[in-house]
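Numbering-wise (this note's numbering), the sequence shown opens with residue -19 and increments by one.
Idealized CB from N, CA, C, for every residue including glycine.
Data first, discussion second: the structure below is written as structure tokens.
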Amino acid sequence: MDEQSNLWILTSELLKLVQQADEVYETVRSTGKEMDFYTEVKPFADKMKSLSDEWEAEAKKWLMSQKPKYIHKQQITATLENLQIIAVQAFFPKTSYSRFKQTVHSVEYVLNEVKRNVHDGESPKNVINDNES
């Protein structure tokens, strides 16, 4: 698998995790119940950290080789940090609603821009586009 296909896949997976975190946040916010740290929060946060660390390395390599016009190294670094924050804060109902939602939107924007720029709006040939399934 080439570097761009791997980045496209990692970005798609992170977008799914962000959506999942957003859904978890809406659930815990509506119920007011915190999730168990060791059985729910930590496994999700560990998965997000592992995937986002791999994504950051791939995204920075891609930035250096492709030099996209509107995506910068600082955005990749900030997105990595925000992904890891979202992964934990989603499980706690006292997390600020506006701050959480703004962070989610910021992360989604950068991830979608990376995904769009990796293949100029087209998914790799060997990957099924989420909208086609």
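ask   = What residue does the alpha helix (DSSP H) around Phe80 start on, and which one ends it?
value = In the sequence shown, counting from the first residue as 1, residue 80 sits at position 100. It spans Tyr77 to Val98 - the alpha helix (DSSP H) in which Phe80 sits, taken as one unbroken run.
query = Below 8 Å, can you find three or more Cβ-Cβ pairs linking the region 93 to 100 to the region 11 to 24?
reply = Output reads no: the region 11 to 24 does not touch the region 93 to 100.
C-alpha distance - Glu93 paired with Thr83, whole-angstrom precision = Against the sequence shown, residue 93 aligns to sequence position 113. Against the sequence shown, residue 83 aligns to sequence position 103. About 15 Å.
ask   = By DSSP, does Tyr50 sit in helix, in strand, or in coil?
value = Sequence index remark: in the sequence shown, residue 50 carries index 70 (1-based). Of the three classes helix, strand and coil, the one that applies to Tyr50 here is coil, per DSSP.
ask   = Considering Asp(-18), what are the terminal residues of the alpha helix (DSSP H) in which it resides?
value = Against the sequence shown, residue -18 aligns to sequence position 2. Careful: Asp(-18) lies outside any alpha helix (DSSP H) and carries neither H nor E.
Chain-order list of residues whose beta-carbon lies under 8 Å from that of Lys13 (same chain, five-residue window excluded) = Against the sequence shown, residue 13 aligns to sequence position 33. Result list for Lys13: Pro73, in chain order.
task = Taking all protein chains shown into account, decide if Lys122 is buried (16 or more other Cβ within 10 angstroms of its Cβ) or exposed.
result = Nothing can be reported for residue 122: it is not among the residues displayed for the chain, which extend from -19 to 113.
query = Do Glu88 and Trp42 have their CB atoms nearer than 8 Å?
reply = Here residue 88 refers to the residue found at position 108 when the sequence shown is read from its first residue. Here residue 42 refers to the residue found at position 62 when the sequence shown is read from its first residue. Their beta carbons are not under 8 Å apart, which means Glu88 does not touch Trp42 by this criterion.
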